[in-house]
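Visitor:
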Amino acid sequence: MINKDLRIAVVCGGVSSEREVSLRSGSAVYSSLHSAGYENAFLFDLTKESMCELLTSRIDVAFLALHGKGGEDGCIQGMLELAGIPYTGSGVEASACCMDKIRTKELLRAADIPTAPFVKLTKNECADRERAVKYIVESVGLPVVLKSPCEGSSIGVYIARNEAETEKYIDSVFSYGDELLAEAFLDGTEITLPILGNGELLILPPVEITSENEFYDFEAKYTQGMCHHIIPAGISEKELSEVREIGERAYKQLGCKGISRIDFIIDKVKGPMVIEINTIPGMTEMSLFPDSAKYAGISFTELCERIIAYALERK
Numbered sequence: 005m006i007n008k009d010l011r012i013a014v015v016c017g018g019v020s021s022e023r024e025v026s027l028r029s030g031s032a033v034y035s036s037l038h039s040a041g042y043e044n045a046f047l048f049d050l051t052k053e054s055m056c057e058l059l060t061s062r063i064d065v066a067f068l069a070l071h072g073k074g075g076e077d078g079c080i081q082g083m084l085e086l087a088g089i090p091y092t093g094s095g096v097e098a099s100a101c102c103m104d105k106i107r108t109k110e111l112l113r114a115a116d117i118p119t120a121p122f123v124k125l126t127k128n129e130c131a132d133r134e135r136a137v138k139y140i141v142e143s144v145g146l147p148v149v150l151k152s153p154c155e156g157s158s159i160g161v162y163i164a165r166n167e168a169e170t171e172k173y174i175d176s177v178f179s180y181g182d183e184l185l186a187e188a189f190l191d192g193t194e195i196t197l198p199i200l201g202n203g204e205l206l207i208l209p210p211v212e213i214t215s216e217n218e219f220y221d222f223e224a225k226y227t228q229g230m231c232h233h234i235i236p237a238g239i240s241e242k243e244l245s246e247v248r249e250i251g252e253r254a255y256k257q258l259g260c261k262g263i264s265r266i267d268f269i270i271d272k273v274k275g276p277m278v279i280e281i282n283t284i285p286g287m288t289e290m291s292l293f294p295d296s297a298k299y300a301g302i303s304f305t306e307l308c309e310r311i312i313a314y315a316l317e318r319k
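Quick note, the sequence shown lines up with residues 5 to 319 if you use the working numbering.
1) CB I207 to CB Y299, shorter than 7 angstroms?
2) Assuming K50 contacts G18 (C-beta within less than 8 angstroms), just tell me the rounded distance between them.
3) What do you get for H71, buried or exposed, if any count of 16 or more other CB atoms within 10 angstroms of its CB means buried?
4) When the Cα of G259 is compared with those of I281, D267 and S245, which residue comes out closest?
5) Expressed to the nearest angstrom, what Euclidean distance is found between the alpha-carbon atoms of A188 and E167?
6) If you follow the alpha helix (DSSP H) that M277 is in, where does it begin and where does it stop?
7) Alpha carbons only, please: which of I311, F48 and S20 is nearest the one belonging to G30?
8) Rounded to the nearest angstrom, what separates M55 and E134 at their Cα positions?
9) Considering only the beta carbon of each residue, do K127 and I106 sit closer than 7 angstroms?
10) Kindly identify the DSSP beta-bridge partner or partners of H232.
11) Starting from P198, trace the alpha helix (DSSP H) in both directions and tell me its first and last residue.
12) To which residues of the same chain is I311 closer than 8 angstroms at the C-beta, ignoring the five residues directly before and after it?
13) Which residues does DSSP pair with V161 in a beta bridge?
14) Are the CB atoms of V278 and L112 nearer to each other than 7 angstroms?
15) Spatial neighbours of V141 within its chain, please: CB distance less than 8 angstroms, with the 5 preceding and 5 following residues excluded, ordered by chain position.
16) Out of Y139, I195, Q257 and P118, state which residue places its alpha-carbon closest to the alpha-carbon of C101.
17) Have a look at Y314, F304 and G145 and flag the residue whose alpha-carbon is nearest the alpha-carbon of S36.
18) Alpha carbon to alpha carbon, what distance is there between A297 and M5?
19) Reducing DSSP to helix, strand and coil, say where I6 ends up.
20) First and last residue of the beta strand (DSSP E) that includes F46?
21) In this structure, how does DSSP classify E187 when only helix, strand and coil are distinguished?
22) Any idea what DSSP makes of R11, helix, strand or coil?
23) Along the chain, where does the alpha helix (DSSP H) that runs through T126 open and close?
24) Give me, in chain order, the residues of the same chain whose beta-carbon lies closer than 6 angstroms to that of S143; leave out the 5 immediate sequence neighbours on both sides.
25) For M290, which residues from the same chain have a beta carbon less than 6 angstroms from its beta carbon, with the 5 sequence-adjacent residues on both sides left out?
26) Go through its chain and collect everything with a Cβ distance to I239's Cβ below 8 angstroms, but skip five positions before and after it.
27) Could you check if A32 is buried or exposed, using at least 16 other CB atoms within 10 Å of its CB as the buried criterion?
28) Taking the C-alpha atoms as reference points, what is the distance between A224 and D267?
29) Apart from the five residues on each side of it in sequence, which residues of its chain come closer than 6 angstroms, Cβ to Cβ, to P198?
30) Could you tell me which residues DSSP puts in a beta bridge with S264?
31) DSSP state of A237, grouped into three classes?
32) Can you grab the Cα-Cα spacing for the pair S152 / D182, in whole Å?
33) What does the Cβ neighbour count give for K109, buried or exposed, with the cut at 16 atoms within 10 Å?
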């Protein structure tokens with residue numbers, strides 16, 4: 005599919021709270037490519053000190069296995085654009101929009117793509133905690149999901165079931181930044197839809213997710229045995245059709261390229277609702293995207309090759 009002489013930098017690590025997960029993703033990608041005969045592939049641990057080395061390296065393509073701030077938010081994408089280095093995944097604008105859950109939901113809502121009701125608040129707007137709690141509860145009800153809008157891997161996500169918990173978790177969210185997303189709690193089945201491609205899209209089988217914890221949090225995502233990936237998902241044909249149609253619309257509306265994963269909750273009353281979009285999905289041994297690809301008959305190495313091919317296609 006692609007030239008095995010390509011110099012491929014598998015970029016991972018970074019400086020975000022998801023650094024360790026990124027290192028695991030990068031290691032899995034590198035090991036797979038190297039084992040498949042890509043002798044010029046190498047692992048690149050991105051730090052503040054190594055950034056210049058990456059931008060001046062003689063590489064043909066950067067395989068981005070970065071997660072979180074600085075990796076998924078358009079920053080590294082912009083630098084690679086300026087350096088003229090092709091890279092995997094979405095461009096600067098789509099990466100920035102999808103990393104910001106508030107901006108994502110605003111763009112989804114503008115296109116009439118179903119997503120949970122929400123309000124956004126700044127730290128200054130929450131100075132009067134009692135007033136802020138009242139506004140949140142009146143706007144989206146209880147239970148409510150409180151999120152730091154620009155964290156990933158469910159970091160900075162809390163479910164508040166009463167006003168006291170809402171006030172408590174507001175403080176927790178603001179430990180990550182100056183904005184807060186308050187989202188109506190959805191009661192239903194958690195589904196993720198992996199999508200590949202630039203123009204013509206390859207929609208992979210959706211995965212149903214169950215967790216041993218209250219929700220699919222950081223511990224459940226990265227601890228063996230704490231979550232279960234169910235493929236095919238236990239949903240109706242109607243729900244499957246809706247998830248595929250809505251997921252494709254969301255992918256295009258946000259301008260995603262190469263690879264993205266659309267997360268849903270199929271609410272018992274409202275049906276499929278988009279929760280967020282991941283432009284650099286995890287590529288660890290426990291990750292959702294590789295599991296779906298495997299079920300579709302795509303090996304991990306072939307998945308990596310396809311992602312690289314899409315990057316070179318956009319060159």
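Think of the CB as a built atom: it goes at the ideal place given N, C-alpha and C, for glycine as much as any other residue. Predicted model only: the values in this text are computed from it and were never measured.
Guide: Looking at the atomic coordinates:
1) no
2) Rather than Lys, the amino acid found at residue 50 in this sequence is Leu. Rounded, the Cβ-Cβ distance is 5 angstroms, consistent with contact.
3) buried
4) I281
5) 14 angstroms
6) Premise fails: M277 lies in the beta strand (DSSP E), G275 to N282, not in any alpha helix (DSSP H).
7) F48
8) 44 angstroms
9) no
10) T214
11) Where P198 is concerned, there is no enclosing alpha helix (DSSP H), although the beta strand (DSSP E) it sits in stretches over G192 to G201.
12) F67, T92, G93, L200, G262 and I263
13) K151
14) yes
15) V148, E167 and T170
16) Q257
17) F304
18) 17 angstroms
19) coil
20) F46 to L50
21) strand
22) coil
23) Run containing T126: none in the alpha helix (DSSP H); it sits in the beta strand (DSSP E), F122 to T126.
24) V123
25) none
26) T193, I195, P210, E212, V247 and I270
27) buried
28) Because A224 carries a pLDDT of 47, less than 50, the predicted location of this residue cannot be relied on, and the following value inherits that uncertainty. In a straight line, the C-alpha of A224 is about 16 angstroms away from that of D267.
29) L208, R265, F293 and S296
30) I199
31) coil
32) 8 angstroms
33) buried
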